[in-house]
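In this note's numbering, the protein residues as written are -1 to 620.
By construction, the Cβ of each residue, glycine as well, lies at the ideal position given by its N, Cα and C atoms.
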């Protein structure tokens, strides 16, 4: 490095005010100046850059000077000169563009202009750094936490972008006066933060956890806070990097994505309104829709949302001075392969990539660092309805059920939900009907048709699945629990929150006919015919017996009763019922035979006949 040593009029220039303003404007530098009034100038001075923003720094000397400690912790610089021709050529265009008269070109004039009216802002220091970096001016490397000896004068300290730690950000370049007592500079950088929430439909609130039905719309929100004080940036771009769990469906992400921005780091993230589990596309007051300026890239179950220049979107640097908020909202429902239950859930994770420093190249990926990750989780539950006999808990096939959710939708045979009022499901051989991924809520069960030999329950019965632990005030995802209640004849058999398995029985009572051993069902024509023929055969035998015992007069009486009993024989489309009642008074020997959904049984006869019936496995005695 070549240094000019020319002295401009031996003029003494004191900069206590300048240095105080620098520390105030930049907010990142605490310089310690032990009092050493009137000490003799030295050729070098000690400087240490502390903190954890970056591990290394590049420093550029702007002005060469003689520096001594003054009173009240101030430093006094004299004999100012440009550190080199390259520095002068790089600095003057920036200063003239910022308002310094073009007639002023000397180091002394430049220093006086910078000190006047607080011209040395963080934005101007960043512009000086960019110009110096591109000019080929020689820099000196400093390692964080280690002291170094530098020639006395004014130095611009610039964080090395490649050495900026994750979760940190490079500050605006810091101007430091080196010489006299040792100097300590401590950069302090405020960094953006990111959070993630999911919309719970039952509360219409953004939460850390929610439950939902498979394939239903499920909205997620990404929220970023850009801190105040980042005035050194000409442009500011952020990137949401989202990784969804395998159980989430990414097919609707790109089409549904909406991005909004608002000025100010303080405040909420109410960019959209939420009603009925849906997110509005109309931005709330104070928010600007910047979706058209953003790029969404989806790869598998991960995607990136890259904003445009937020400073420009907000209307300029003045609006950005107080920081900014950015919100991205999108739809990613649960897929068929999602996890059920609370043990695993379906997590969704995001982190934010942001510029490393005001000097970073934001056109590619290299100029960005990232925040820690944040996540939210979606849950779903599995309901298994089992049709059973109330007599012995045997599973029953063939029951037709109508299952309605709290949105009025009806379960179909393929497991989807429909608005078709005639939709229903039929129990299989194992008696099961499966609801493989459903939201908590109230489900209504109707029995359209009962299995053969059983009576359908009337009306509707409710099953209530109530979650616990889905709290709108939670700051981190929690493991929820569920409780289940059901109305008779529904019965809760098992609830496993971890696996999300909920088992319920739907009980059917055997019909009265079935309970007595014979219950013809709708359309069973063969069985009805056999029963009728058997009844006719029984009556014929009885008539013959009467004739044998009592003669023609008794036979005519019995035949009359048989004809009267024919009126009691009834058929319908849904059931077969028959009854024959026989009552007579006989001289010397009376008998009464009654037949009602069972085999006829002789009350009193001396002789016994055995009659096999085709529909009955056992031989019945009369």
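Local Cβ density within 10 Å of residue i, reported as buried at 16 or more and exposed below that
i           : result
residue 82  : buried
residue 259 : buried
residue 626 : For residue 626 there is no data in the structure shown, the boundaries of the chain being -1 and 620.
residue 506 : buried
residue 446 : exposed
residue 466 : exposed
residue 108 : buried
residue 411 : exposed
residue 492 : exposed
residue 270 : buried
residue 187 : buried
residue 300 : exposed
residue 222 : buried
residue 339 : buried
residue 280 : exposed
residue 265 : exposed
residue 353 : buried
residue 298 : exposed
residue 406 : exposed
Test: residue i CB closer than 9 angstroms to a CB of chain B
i           : result
residue 458 : Absent from the structure is chain B; it holds one protein chain and no more.
Expected contact under 8 angstroms - CB spacing of residue i and residue j to nearest Å
i           : j           : result
residue 167 : residue 84  : Actually they are not in contact, since the Cβ atoms of residue 167 and residue 84 sit about 28 angstroms apart, beyond 8 angstroms.
residue 192 : residue 216 : About 20 angstroms; that fails the 8 angstroms criterion.
residue 224 : residue 75  : Not confirmed; about 36 angstroms, so no contact.
residue 202 : residue 273 : 6 angstroms
residue 326 : residue 257 : 5 angstroms
residue 96  : residue 150 : The pair is not a contact, with the Cβ atoms about 26 angstroms apart (cut-off 8 angstroms).
residue 111 : residue 102 : 6 angstroms
residue 463 : residue 336 : Actually they are not in contact, since the Cβ atoms of residue 463 and residue 336 sit about 17 angstroms apart, beyond 8 angstroms.
residue 171 : residue 132 : Wrong, their Cβ atoms sit about 14 angstroms apart, outside the cutoff.
residue 148 : residue 43  : 6 angstroms
C-alpha gap between residue i and residue j, whole angstroms
i           : j           : result
residue 127 : residue 239 : 30 angstroms
residue 57  : residue 229 : 21 angstroms
residue 184 : residue 294 : 38 angstroms
residue 455 : residue 503 : 13 angstroms
residue 146 : residue 121 : 27 angstroms
residue 115 : residue 93  : 14 angstroms
residue 275 : residue 198 : 6 angstroms
residue 387 : residue 400 : 18 angstroms
residue 306 : residue 364 : 17 angstroms
residue 165 : residue 195 : 21 angstroms
residue 461 : residue 251 : 33 angstroms
residue 137 : residue 55  : 9 angstroms
residue 241 : residue 69  : 58 angstroms
residue 48  : residue 39  : 25 angstroms
residue 582 : residue 389 : Confidence is the limiting factor: at residue 582 the pLDDT is only 37, short of 50, which leaves the residue's position unreliable, though a coordinate-based value still follows. If I take the Cα positions, the gap works out to 39 angstroms.
residue 444 : residue 457 : 6 angstroms
residue 267 : residue 285 : 9 angstroms
residue 60  : residue 303 : 40 angstroms
residue 478 : residue 420 : 35 angstroms
residue 254 : residue 497 : 31 angstroms
residue 289 : residue 296 : 16 angstroms
residue 355 : residue 118 : 18 angstroms
residue 99  : residue 73  : 27 angstroms
residue 487 : residue 263 : 56 angstroms
residue 452 : residue 385 : 11 angstroms
residue 402 : residue 459 : 10 angstroms
residue 50  : residue 142 : 8 angstroms
Test item: CB-CB of residue i and residue j under 9 angstroms
i           : j           : result
residue 218 : residue 328 : yes
residue 484 : residue 448 : no
residue 490 : residue 480 : no
residue 395 : residue 418 : no
residue 246 : residue 331 : yes
residue 350 : residue 368 : yes
residue 441 : residue 494 : no
residue 105 : residue 80  : yes
residue 697 : residue 393 : Absent from the structure is residue 697, since the part of the chain shown begins at -1 and ends at 620.
residue 174 : residue 308 : no
residue 176 : residue 65  : yes
residue 476 : residue 283 : no
residue 277 : residue 312 : no
Is the segment 429 to 438 touching the segment 230 to 240 in the sense that three or more CB pairs, one from each, lie closer than 8 angstroms? In short, these stretches do not touch, since the Cβ pair count stays below three.
Touch test, the segment 88 to 102 against the segment 172 to 183, Cβ-Cβ under 8 angstroms, three pairs minimum
Taking 8 angstroms as the limit for Cβ pairs, the verdict is that the segment 172 to 183 does not touch the segment 88 to 102.
For the structure I just gave you, are there three or more beta carbon pairs, one from the segment 350 to 359 and one from the segment 465 to 481, closer than 8 angstroms? no
Exercise. So does the segment 316 to 324 actually touch the segment 159 to 176, counting three or more Cβ pairs closer than 8 angstroms?
Worked result: no
- Hey, is the segment 359 to 379 in contact with the segment 332 to 351, meaning 3+ C-beta pairs nearer than 8 angstroms? yes
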